[in-house]
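Here's the structure, in structure tokens; my notes come after.
See the structure below:
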């Protein structure tokens, strides 16, 4: 039986079937490269970053050369399929520029943020960095530099730059107070996550920390743009997750690639080069072009591949829906429909792109935790629809039961929270919280979290890169 031929070149055998079209490996590579490069050249700002500049009416030869040298982008690398493919295509772009122009128009800083000081994880990261820099991307070793950052560095800053942010359990308002020496000495991402009993809250905190550190790194090191490795599928599940979490008002700002990031000094823009590429297409690219060996804690999907990957199905590791986070549930839904109904994913993303940010009725107020704009008085709205004040004890039985509860673990935790709340409300300062972060903080024990200040001093606090040598 003769193998089917690629519909693009009509020469090579089909290896990928995507969007009802048959591709050989090389034509599929061109297909996804063109989609990524379209986003990288989407407006004048990005074209000035990625193009090789020459003398023209606007700039001299020296100015053009200096612009080529100063055009630096940041790629956060998670060693998932999307960020790996994006970096691979950026590498190929640099190679093409060297062939055509004998020089490049930009440089790349790759930032790997890791959470646990786990020997096996650090060994895998170190091995991947060494292999990528010295083997796969050796021709661009002067243009692609790798950096590592532990998420704990979010809290490894001066005590004066961290506050304890507390949510009022009845008023739904927030206040902050400076942390003391003992609290600062024991502070780490692990201690913060320990106080989060549910996985969705933990995932939110990790996401906040990661994005802040990546953007802070770009702020400190003069990057012109951050290239986030989010596929169309990932962006669609982000949109749905934002709606479910009460962060729908943030969708427009999250997807904004046009404006400079005002929360970080308006020094860079955020770009999603893979927004036109499905996650299954990303996974197919990684399988075809030998990127799978660099994956960490990620398993490729092979639904688009003609020759399926040989892999064992770990039934015992499949998580029940009730144990999934909101993001995982949204991701599972889009993974399930991506093959036959990929147009649904594109529709979700197009709808998200059309959304405008709501009018801010409160002026320029930003959330203390996530930095997003606070558009309305959500605390008042929550007070109007909920009742959180208990009824007074009336019978002896109620008093006996309350006494037993007060000496229980939950009762002691609640008493500790009331003491903290009263102290903060007496000595602390008011802070603004968005609806999404009020929901997140309700998933934290004692409704409080230590958090860096939102100011220029904190942004300029030098991040300590970690050497994995």
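In my numbering, the protein residues as written are 33 to 501. Glycine included, every Cβ here is placed at the ideal spot set by N, Cα and C.
From the options, residue whose alpha carbon lies closest to that of residue i
i	options	result
residue 126	385, 201 and 174	174
residue 335	322, 326, 66 and 318	318
residue 190	182, 95, 153 and 213	213
residue 337	50, 80 and 178	50
residue 492	206, 250 and 416	250
residue 373	76, 359, 410 and 310	310
residue 286	385, 333 and 106	385
residue 292	247, 267 and 263	247
residue 102	425, 62, 473 and 141	141
residue 78	383, 305, 124 and 252	305
residue 253	419, 105 and 263	105
residue 390	313, 355, 279 and 424	279
residue 154	322, 180 and 431	180
residue 393	387, 409 and 176	409
residue 469	188, 146 and 282	282
residue 327	382, 113, 454 and 290	113
residue 16	405, 329 and 41	Residue 16 cannot be examined here, being either before or after the span of the chain that is shown, 33 to 501.
residue 81	425, 136 and 380	136
residue 222	182, 194, 116 and 494	182
residue 411	363, 466, 368 and 379	466
residue 158	111, 199 and 117	111
residue 450	333, 382 and 198	198
residue 59	233, 357, 430 and 321	321
residue 454	435, 200 and 239	200
For residue i, the three-state DSSP class (helix, strand or coil)
i	result
residue 476	coil
residue 330	coil
residue 373	coil
residue 310	coil
residue 347	Unreliable positioning characterises residue 347 in this predicted model, as indicated by a pLDDT of 44, which lies under 50. A coordinate reading is not provided.
residue 228	coil
residue 284	helix
residue 491	helix
residue 132	helix
residue 206	strand
residue 17	The question about residue 17 has no answer, for the chain in this structure spans 33 to 501.
residue 341	coil
residue 279	coil
residue 45	strand
Host alpha helix (DSSP H) of residue i (start-end)
i	result
residue 267	264-276
residue 417	410-417
residue 391	Element bounds for residue 391: n/a, residue is neither H nor E.
residue 217	213-217
residue 158	151-163
Host beta strand (DSSP E) of residue i (start-end)
i	result
residue 196	194-199
residue 177	176-182
residue 144	139-146
residue 53	53-55
residue 303	301-303
residue 259	257-259
residue 37	It is not in any beta strand (DSSP E) - residue 37 carries neither H nor E in the DSSP assignment.
residue 50	48-50
The ligand ATP heavy atom lying under 7 Å from the CB of residue i
i	result
residue 332	Judged by which ligands are present, the structure shown has none, so any question about the ligand ATP falls away.
Handout entry: Secondary structure, alpha helix (DSSP H): runs of 4+ residues fully inside the stretch 431-487
Key = 441-459 and 467-473
Exercise for the section: Mind the definition here: the stretch 215-233 touches the stretch 479-492 only if three or more C-beta pairs lie below 8 Å; say whether that holds. Expected result: yes
Problem - Contact between the stretch 94-101 and the stretch 59-71 (3+ Cβ pairs under 8 Å) - result: no
Handout entry: Meets three-Cβ-pair contact criterion under 8 Å: the stretch 293-303 and the stretch 242-258
Key = yes
Problem - beta strand (DSSP E) segments (min. 3 residues) lying fully within the stretch 63-122 - result: The stretch 63-122 contains these whole beta strand (DSSP E) runs: 104-108.
Exercise for the section: Evaluate contact between the stretch 155-173 and the stretch 450-461, counting only Cβ atoms and requiring at least three cross-stretch pairs below 8 Å. Expected result: Because the criterion of three Cβ pairs below 8 Å is not met, the stretch 155-173 and the stretch 450-461 do not touch.
Handout entry: Stretch pair the stretch 43-60 + the stretch 274-281: three plus CB contacts closer than 8 Å
Key = The stretch 43-60 vs the stretch 274-281: no contact.
Handout entry: Contact the stretch 414-429 vs the stretch 439-454: 3+ CB pairs below 8 Å
Key = no
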